[in-house]
Amino acid sequence: MALKIDKSLNATEGKHSVRDRAFSLIVPQMHLPALRRVLTDRMSGPGGAYNIGNLIGLCQGVTAQMLVSDDLTHLPWAGAPAAMSHYLTGNFAAIAMTSATAIFFASGEVYHRAWNGCLKPREDLNRLGDFLSGVGAVCLGLALFELGHPLLALTSGLLHSVGKFGSAFHRPGVQILNLPASGPDPFRTMVLLSRLPAIIAAGTGLFASLFKAQIGQPQHWSMPGSLLVCYLLWSWADMLLFRSSNPDAAHEPAAG
187 MALKIDKSLN
197 ATEGKHSVRD
207 RAFSLIVPQM
217 HLPALRRVLT
227 DRMSGPGGAY
237 NIGNLIGLCQ
247 GVTAQMLVSD
257 DLTHLPWAGA
267 PAAMSHYLTG
277 NFAAIAMTSA
287 TAIFFASGEV
297 YHRAWNGCLK
307 PREDLNRLGD
317 FLSGVGAVCL
327 GLALFELGHP
337 LLALTSGLLH
347 SVGKFGSAFH
357 RPGVQILNLP
367 ASGPDPFRTM
377 VLLSRLPAII
387 AAGTGLFASL
397 FKAQIGQPQH
407 WSMPGSLLVC
417 YLLWSWADML
427 LFRSSNPDAA
437 HEPAAG
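Numbering-wise, the numbering used here comes out as the position in the sequence shown, counting from 1, plus 186.
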């Protein structure tokens, strides 16, 4: 009798184990489409493009700082906390850059909420995203000026902030000076043009690092390469925002 009970228990346990293994294989497969939809949703629209670029830039900067600060006498990444602290809050430029990055992440999230599931953005959230991005551009300009890049401070900082603040307060269809109201939004155009000097600088640096044409201290190609990817993503997001400046967009129905 005991043998039969043991056999029945073993058989039951075997069934449960097979069922558990099958369940463990099915559940991830059931979650994969949902996860894919979530990731696709997060990466779509201007907010997704902005924050993907923000994440790439932040990871590249932190990694570069840790590699530069790495002491060969210690274990790899042993100085990572100190390097990250220096990168984020080491001086005025670092604090300004960290503030700009945090604000840009916040504005990207606001843009995502403004455009999520809609044929047209929610105007109040879209304007809030513009305003936050303008504040972030001011912080970025201060950081670039402190780091000795006055041209980039004027373009990526001042010009960018003027364009974003203008987009935050300008009403679509309202004429600006003598510019035609039906033309491209001048403030959105200003933001897009503010990317150009940085794109040229990153592209030139990537070419120089790949073909060993650098003057002075050489740098790895990943640094200008990642910056170029970031600026191209941000430029793509800038172009997506032109649609919100179309006067006809205010009369289009929302998708959700």
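All residues carry an ideal CB built from backbone N, CA and C; glycine is no exception.
With contacts defined as CB atoms closer than 9 Å, C416 and G239 qualify as a contacting pair. The way I'd put it, the stretch 337-347 doesn't touch the stretch 287-305; fewer than three beta-carbon pairs between them come closer than 8 Å. In the structure shown, L378 adopts helical secondary structure according to DSSP, grouped into three states.
By the 16-neighbour rule on beta-carbons within 10 angstroms, M283 is buried. Here the alpha carbons of L330 and S408 stand approximately 20 Å from one another. Rounded to whole angstroms, A388 and P358 show a C-alpha spacing of 33 Å. A323 is positioned such that its CB atom lies closer than 9 Å to that of G343.
Annotated three-state conformation of D371 is coil, per DSSP.
When secondary structure is reduced to three states using DSSP, K306 falls in the coil class, being assigned neither helix nor strand. The beta carbon of S347 lies closer than 6 Å to those of G320, A323 and V324 in the same chain, with the five residues before and after it left out. Taking all protein chains shown into account, F355 has fewer than 16 neighbouring C-beta atoms within 10 Å of its C-beta and is therefore exposed. In chain order, P232, A235 and Y236 place their CB closer than 7 Å to the CB of A423, counting only its own chain and leaving out the 5 sequence neighbours on each side. Shortest Cα-Cα distance from L414 to any of L311, S285, I386 and L427 involves I386. Per DSSP, reduced to three states, the secondary structure at G334 is coil, with no helix or strand assignment. Only residues of its own chain outside the window of five on either side were considered, and among them T341, S342, L345, H346 and G349 have a CB closer than 7 Å to the CB of S380, listed in chain order.
If you draw a 10 Å sphere on the C-beta of D310, you find fewer than 16 other C-beta atoms in it, and that means exposed.
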